[in-house]
Every structure is written in structure tokens, then in C-alpha cells.
Amino acid sequence: MDGFATRAIRVSTRTRRVDQRPTSVPIYQTVTFSAGSTDELADVTNRRVPGYVYGRLDNPTADALGDAAAELESAEAGYAVASGMAAIHLALLSLVRAGDRIVCTRAVYGSTRSLLVGTLGRFGVATAFVDPTDHAAVEVALAEAPARVLYLETVSNPTLVVADIAALADLGHRHGASVVVDNTFASPYLCRPLELGADIVVESATKYLSGHSDVLAGIVAGSRAAIDAVREAQVQTGGTIAPFAAFLVLRGIATLAVRMERHAATAAALAAWLETEPGVARVHYPGLASHPGRAVAARQLANGGGMLAVELAGGAAAGRAFIDALRIPERTASLGSIHTIVVHPPTTTHRQLRPAELVEAGIAPGLLRVSVGLEDLDDLRADFARGLVAARAAAGPEAAPA
Ligand SMILES: Cc1ncc(COP(=O)(O)O)c(C=O)c1O
297 MDGFATRAIR VSTRTRRVDQ RPTSVPIYQT VTFSAGSTDE LADVTNRRVP
347 GYVYGRLDNP TADALGDAAA ELESAEAGYA VASGMAAIHL ALLSLVRAGD
397 RIVCTRAVYG STRSLLVGTL GRFGVATAFV DPTDHAAVEV ALAEAPARVL
447 YLETVSNPTL VVADIAALAD LGHRHGASVV VDNTFASPYL CRPLELGADI
497 VVESATKYLS GHSDVLAGIV AGSRAAIDAV REAQVQTGGT IAPFAAFLVL
547 RGIATLAVRM ERHAATAAAL AAWLETEPGV ARVHYPGLAS HPGRAVAARQ
597 LANGGGMLAV ELAGGAAAGR AFIDALRIPE RTASLGSIHT IVVHPPTTTH
647 RQLRPAELVE AGIAPGLLRV SVGLEDLDDL RADFARGLVA ARAAAGPEAA
697 PA
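What follows is the structure, encoded as C-alpha cells:
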């Protein structure tokens, strides 16, 4: 008989044969998968036959999420990774080489801007920032010198600028650029950039796809060839998603449609009400008639979404007072969650931007970004009314009610 230690390892890793289909995707919490022979191991490792070897290469729970993302984004293939930033950097890494140029929307997530300017900049990849609503300026930037990538956000963080993906994808392609779109603010329920002509869609699954602020994850979707290149980059750099994280995103995806409808209904009502309140200089919400991208949003998005931004007339002091007076929202970063989350982008999500860059990106000192959660509308409206009272008091006499 084998010794105790040998038997303990054997009995504790013996898997069950299951003939019935589980109704949730099992969490394959294992890094290694054992092959029946040396030849089989070599064939699977070299992808001559399908299968699993090592968790950084492939995992069945992660693959289930990649496939789900592909189907929801209308893509040939999808791939799940450790975070939204992993998705973005892997998509870019799979496309660019030293000496290349990227044209990117000006109103872009802060860490994405840092990745482009700081990290990719150090490797000889230059980025030009443009206003995505100014198609003539985008065309000039694309024509100035060859661009490998045109990078957009469907709805930008934090100013809710809506990019006309169909028109911009066409422009990008005419100038030989691959079009990469961050669809995080919209989710595939609101918008599917690949159907509008984009080549690769990236998304922070930390947000709406998972929906509960309890998991970091990212997805990339596109053609088989594009996703094979992303997988290769991931295998080399290790932005691997954990099986449990992939499971949580799959669980979230099941309720994405109902959550997005509720997020959007509450956000639309709050936005319309906020626009009429004294002390509010401007409300940015793609579902409002006052939004400059209203027509594109109506064409491109299933609804106005769950994100809005409010510019308070009293500037940063009013913004701080507003947030600190709120009882319901969480004072934290992130978005797309069950909780309403209110942040002051200049000091949090977009802290990497210098004052001039904040101005260029349209981020006013008193701008607040609101990710509308799933709480009751009446409770949120009452809480925001309380916030506005505090904001008006903090603004002082120089800030006239807007
Ligand atoms: C638009 C957008 N893209 C990407 C990311 C990065 O996602 P993650 O935090 O999952 O890396 C974020 C994070 O807030 C985001 O807002």
C-alpha cells in the first residue's frame, strides 16, 4: 500500500465524473490539468488538439466567460483577463510595435491615458489625443502620420461624450488603423461596437458585466486572429483571470439586461430632475435632449445608460460638500454596481491628468461622476436634494445658482 502522504494527495485531488450538465459553470480551481501521455501533453500544449494544461494558458471557467463575451459582443472570439486594464493593455500590445502611433479620444479613462503616454510612450509608441466628436480633427490626426490604432470609448469616462463608432470606424479604416473600443460604460446590452465596424472591443468586466463591485475582470472580443494574438500576449505577460473571478462575471452577466434597464430608468429620471435644480450648472447624460451626442446615442445605444455627470456651479468645494452630505451612495471609485457611486474625477479616477489636461478633456473642477445603482429612485432623489443643499451652502456668494 502507498504511504499516507501519497494517499492523502491522491484522495484529495480525485475528481468526480458528472454525467448531468451543471446549470452553473463550474469553477475549475486548478492550475494544472494532467494528460494521459507525453504525446497528448505536447499536442495540447502546442494547441494541435483542444484541451487544458496550465492555468495561465487556458482554464475552462475563463474560456466560458470568453465565449460568453464573444456571443454578447457579436464577435467571432472572446477572451477573459484579470482586469479592464489587462484587457486594454493586451489589446494594444497585440497590435502595436515600437515606432507606431495611436490616435485616441481625448476624454479617456485616466489609467488608459497613463498606459498610452507613460508605459507605451517609453517603448516608442506615440499617442495623439483628439476630440472624438470632431471628425475633421480625427481625420487630420489620422492623416498626419500613419496610425496603427484608433482608440475610442463608446461613452467616455467621465464626461459621457458619445463617440459615433460607425463613422469613426470608417475613418480609422480608411487610414489603415485598427479600431479598438472600450465599451465599459455601455456594456454589450447598450451597444455592440463590433456591429458598428470596430475591430476589437475591450471592457472592464469589473463594472456592469459583473455588476456587484466584488470582482476585478476584463474581456476582449474580436476576430479569431485578433483574439489569438491577445491570448499570446496574455500568456507572455500573465494578466490571467482567476477561475472564481470568471465565475462571478458569468453570474453577473445572467442579470445584465434587467440591471441595465433599472440603472438607466433611474439615471434618466435623476438626470432630468437635476437639470432643473439650482446650483447645477450642467448635467451630462446621453438620454437628455440637452446632450450634444443625443442623436448618436439614440442611434447607437439601447438606452441612456446608468452613468451621468453633474457640474456644480460652486466648483470643487461644492462638489466635495455634495458628496460628503450624501447618505446612500458609496464614497469610492468604480462604477456599474448595485450601489450608487459618486466620485470627483479630478481627485480620483482622473488624478493622473495635469490641470491643463483636465481642461482639455472637458473635466470641470466641480464635475461629479455618478454611477447610478439599483436603489429606489425616490430615496436617491431625496439624498441628492440633501447634497445640493450642502453644495449651495459651500459654494459661497460668488457662485450664482445656475
Ligand atoms: C472606462 C474604463 N475602462 C477601463 C477601466 C479599467 O478597469 P479595471 O479597473 O477593471 O482594470 C475602467 C475603470 O474604472 C474604466 O472606467
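In the working numbering, the protein residues as written are 297 to 698.
Even glycine gets a Cβ: it sits at the ideal position worked out from N, Cα and C.
Predicted model, so just to flag it, every value in this text is computed and none were measured.
Which one of Ala542, Asp620, Ala365, Gly575 has the shortest CA to CA distance from Ala378?
-> Ala542
Verify whether the separation of the beta carbon atoms of Tyr664 and Gly611 is less than 8 angstroms.
-> In the sequence as displayed, the identity of residue 664 is Leu instead of Tyr. Not a contact, by the Cβ cut-off of 8 angstroms.
With a cut-off of 8 angstroms on the beta carbons, I'd call Arg310 and Gln648 a contact; round off their distance for me.
-> Not confirmed; about 50 angstroms, so no contact.
Check whether the Cβ of Met381 sits closer than 7 angstroms to any heavy atom of ligand 1, and report yes or no.
-> yes
When the Cα of Val445 is compared with those of Ala465, Phe540, Ala433, which residue comes out closest?
-> Ala465
Closest by C-alpha distance to Gly602, when choosing among Ala529, Ile384, Asp510, Leu670 = In this structure, Leu670 is the residue among Ala529, Ile384, Asp510, Leu670 with its C-alpha nearest to the C-alpha of Gly602.
Ordered list of beta strand (DSSP E) runs contained in the stretch 531-596, each at least 3 residues = 576-580
Closer than 6 angstroms by C-beta to Leu673: which residues in its own chain qualify, once you throw out the five before and the five after it? Chain order, please.
-> Thr562, Ala565
Going by the CB atoms, is the gap between Ala459 and Val399 shorter than 8 angstroms?
-> no
4 or more residues per run - each alpha helix (DSSP H) lying fully within the stretch 298-361 | 300-308, 334-341
Within this structure, are the beta carbons of Val498 and Val476 separated by less than 8 angstroms?
-> Going by C-beta atoms, Val498 is nearer than 8 angstroms to Val476.
Among Phe481, Leu448, Gly493, Tyr485, which residue has its Cα nearest to the Cα of Arg470?
-> Gly493
Within 7 angstroms: the Cβ of Ser633 and any heavy atom of ligand 1?
-> no
Closest by CA to Ser370, which one among Thr455, Ser483, Leu608, Asp679?
-> Ser483
By DSSP, does Val436 sit in helix, in strand, or in coil?
-> helix
Tell me which same chain residues have a C-beta within less than 6 angstroms of the C-beta of Pro539, skipping the five on either side of it?
-> Ile323, Tyr324, Gln325, Asn355, Thr357
Where DSSP assigns a beta bridge to Ile659, which residues make up the other side?
-> BP columns for Ile659 are empty, so no partner.
Spatial distance of Ala690 from Gly374 (CA atoms) | 48 angstroms
Would you call Ile305 buried or exposed, if buried means 16 or more other Cβ atoms sit within 10 Å of its Cβ?
-> Its Cβ having fewer than 16 others within 10 Å, Ile305 is exposed.
Arg397 by DSSP, collapsed to three states: which one?
-> strand
Measure the C-alpha to C-alpha separation of Asp510 and Ala441 and round it to an integer number of angstroms.
-> 43 angstroms
Per-residue DSSP class, three states only, for Cys487 = coil
Does the count of Cβ pairs from the stretch 617-627 and the stretch 677-684 closer than 8 angstroms reach three?
-> Flag = yes, the stretch 617-627 and the stretch 677-684 touch.
So what does DSSP say about Phe680, is it helix, strand or coil?
-> helix
What are the boundary residues of the beta strand (DSSP E) that includes Gly514?
-> For Gly514, the enclosing beta strand (DSSP E) stretches over residues 514-518.
Count the other CB atoms within 10 Å of the CB of Val655; is the residue buried (16 or more) or exposed (fewer)?
-> exposed
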